[in-house]
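J.:
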Amino acid sequence: MSFSGKIKEELERVSTSSRHCQLAEMAAIYDFCGKKSEETDEKMVISSENELAVRKFFTLLKKTFNMNTDFVAENGYIRKGANYRLEIEGRKRVDSIRSAIRVTTETMRSCCRRAYIRGAFLAAGSVSDPEKSYHLEIVCQDERQALFLAESLKSFEIEARVITRKKYHVLYVKDGTSIVETLNVMGAHIALMDFENTRILKEMRNTVNRKVNCETANIGKTVMAAQRQIDDIRFLMSSDSYDDLPASLKEMAELRISYPEATLTELGQMSTPPLGKSGVNHRLRKLSQAALKFKGGEL
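Quick note on numbering: the sequence shown equals residues 399 to 697 in our numbering.
#1: Just to confirm, are F519 and L484 a CB contact at a threshold of 7 Å?
#2: Quick one: Cα of R411 to Cα of E613, how far?
#3: With A425 and Y514 assumed to form a contact (beta carbons below 8 Å), what rounded beta-carbon distance in angstroms separates them?
#4: Any idea if M622 is buried or exposed, counting beta-carbon neighbours within 10 angstroms, 16 or more meaning buried?
#5: Between which two residues does the beta strand (DSSP E) containing M465 stretch?
#6: What is the residue span of the beta strand (DSSP E) that T562 lies within?
#7: Leaving out five residues before and five after P658 in sequence, what residues of the same chain have Cβ atoms less than 7 Å from its Cβ?
#8: My guess is that G517 and I427 are in contact by the Cβ rule of under 8 Å, so how many angstroms apart are they, rounded?
#9: Restricting to runs no shorter than 4 residues, where is the alpha helix (DSSP H) found entirely within the stretch 573 to 647?
#10: Which residues share a DSSP beta bridge with A471?
#11: For S413, which three-state DSSP category applies?
#12: Quick one: is H587 buried, meaning 16 or more other Cβ sit within 10 Å of its Cβ, or exposed?
#13: Does the stretch 489 to 496 touch the stretch 519 to 538, meaning 3 or more C-beta pairs lie closer than 8 Å?
#14: Applying the 10 Å Cβ sphere with the 16-neighbour rule, what's the burial state of G574?
#15: Closest by CA to V565, which one among R507, S446, Q539, V492?
#16: Provide the residue(s) that pair with C538 in DSSP beta bridges, ordered along the chain.
#17: Alpha carbons only, please: which of S446, Q420, C419 is nearest the one belonging to G432?
#18: Compute the Euclidean distance between the alpha carbons of L665 and N607, then round it to the nearest angstrom.
#19: Using the three-state DSSP reduction, which class does G523 fall into: helix, strand or coil?
#20: Could you compute how far the alpha carbon of A699 sits from the alpha carbon of L682?
#21: Using the three-state DSSP reduction, which class does G488 fall into: helix, strand or coil?
#22: If the criterion is Cβ atoms closer than 7 Å, does the pair E541 and Y570 meet it?
#23: Excluding the 5 residues preceding and the 5 following E440 in the sequence, name in chain order all residues of the same chain whose CB lies nearer than 7 Å to its CB.
#24: Sorted by chain position, which residues of the same chain lie with C-beta nearer than 6 Å to I617's C-beta, five sequence neighbours on each side aside?
#25: With respect to the alpha helix (DSSP H) encompassing K441, which residues constitute its N-terminal and C-terminal limits?
#26: Where does I598 land, buried or exposed, given buried means 16+ other C-beta within 10 angstroms?
#27: Output the boundary residues of the alpha helix (DSSP H) element that contains M668.
#28: Can you tell me which residues form a DSSP beta bridge with G432?
#29: Can you tell me whether T505 is helix, strand or coil according to DSSP?
#30: Quick check on the burial criterion: 16 or more other C-beta atoms within 10 angstroms. Buried or exposed for D429?
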């Protein structure tokens, strides 16, 4: 199952005892799944490929209005890709529901905003696999829906952006921390922990990879520097001027040739008397400078 699917399964199970929050969640599902073109004064239609959203509306309808209605797949049987449909008939019933689920951001309590965002995500939201990228989005039917949702998220200090994609307005969040906060607002706490664990492991892997790459690059530079030093020393040893070098430089030259893979610290410990890294580096530079001068004909 996809990460989005797991979130929606969790959200479908989230229950609240407050009627106003139940109505807010119903309002969101109706906003995103209501088939207004098929409705009349005496009929209300909820239809979606997302079974969980329609099922949640069905459950909330029973809780808040004590109404029963048919919940079926439009083709008469349950299958992948089927449209799930719920119809409420009767003017009195339809009017009471429509009147109750009318919401505005000005009149909604904080808890109801959470419920509305939960219903909207359940109906039209998705989150990418955090192993691959950080992206949460809710596909809205029009700009009004998108801005209403963005304002609701902003009340929880979550900044969301809206873009146009074909005929839809898509609200999205790309920052990992903001996605975690959105999951928390909706009540998807298990998904939140999964997301955070994945994010932590991913960041740890990235940190380790960066460190390994850095160390590999440093090792490469060290090996290249050591090889240049060995080439310079061999050049000097093949020349008549090698015997004229100070004893301290000849000692360092012989140590480097004998221990080509030794670090500066190790070379310093083998020197007589022992030297620090800076002392070893100084003598190796002197040897390279001597080789350069000899190659130029000055020695």
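Even glycine gets a Cβ: it sits at the ideal position worked out from N, Cα and C. These numbers were taken from a predicted model, which means no experiment stands behind them.
T.: Reading off the structure:
#1: no
#2: 48 Å
#3: 6 Å
#4: exposed
#5: M465 -> no beta strand (DSSP E), and no H or E assigned at all.
#6: 559 to 563
#7: A624, I628
#8: 5 Å
#9: 574 to 584, 587 to 635
#10: Y482
#11: coil
#12: exposed
#13: no
#14: buried
#15: With the sequence shown as reference, residue 565 is identified as Lys, and Val is not the correct amino acid for it. The candidate whose alpha carbon is nearest that of K565 is Q539.
#16: H567
#17: S446
#18: 30 Å
#19: strand
#20: In the structure as shown, the chain begins at 399 and stops at 697. Residue 699 is therefore absent and cannot be evaluated.
#21: coil
#22: no
#23: E487, G488, R489, V492
#24: none
#25: No alpha helix (DSSP H) contains K441, which is instead part of the beta strand (DSSP E) from 441 to 446.
#26: exposed
#27: 662 to 668
#28: I444
#29: coil
#30: buried
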